[in-house]
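Asks:
In my numbering, the protein residues as written are 4 to 86.
1) Thinking residue 31 and residue 82 are a contact (beta carbons under 8 angstroms), I'd like their distance in whole angstroms, please.
2) Report the residue ranges of all alpha helix (DSSP H) runs contained in full by the region 31-70; include only those spanning at least 4 residues, in chain order.
3) Mapping DSSP to helix, strand and coil, what is residue 27?
4) With a 10 Å radius around its C-beta and 16 neighbouring C-beta atoms as the bar for buried, classify residue 77 as buried or exposed.
5) Considering only residues of the same chain and omitting the five flanking positions on each side of residue 7, which have a CB-CB separation below 6 angstroms?
6) Using C-beta distances below 6 angstroms, list every residue in its chain close to residue 49, excluding the 5 sequence neighbours before and after it, in chain order.
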């Protein structure tokens, strides 16, 4: 799990539109509500997750609740990998 979270954390931090050295993001912070990401980020995130973790994100799973924090994304990826 820790490797998954680290990989996701690195991706998120490198793709945040409003991220700078002073921005602190906890693993439970909702980066959509905080305004740190935009729509293209969501598309990039899904593509990254599918490629990096060899999972398929179904249309019915494209719910912001699955992808709004590092912890939520990590849980989602873990659930997909155990299917």
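We put the CB at the ideal spot given by N, CA and C, even for glycine.
Replies: Let me lay it out:
1) Actually they do not touch by this definition, with Cβ atoms about 17 angstroms apart.
2) 42-56, 67-70
3) coil
4) buried
5) 77, 80
6) 60
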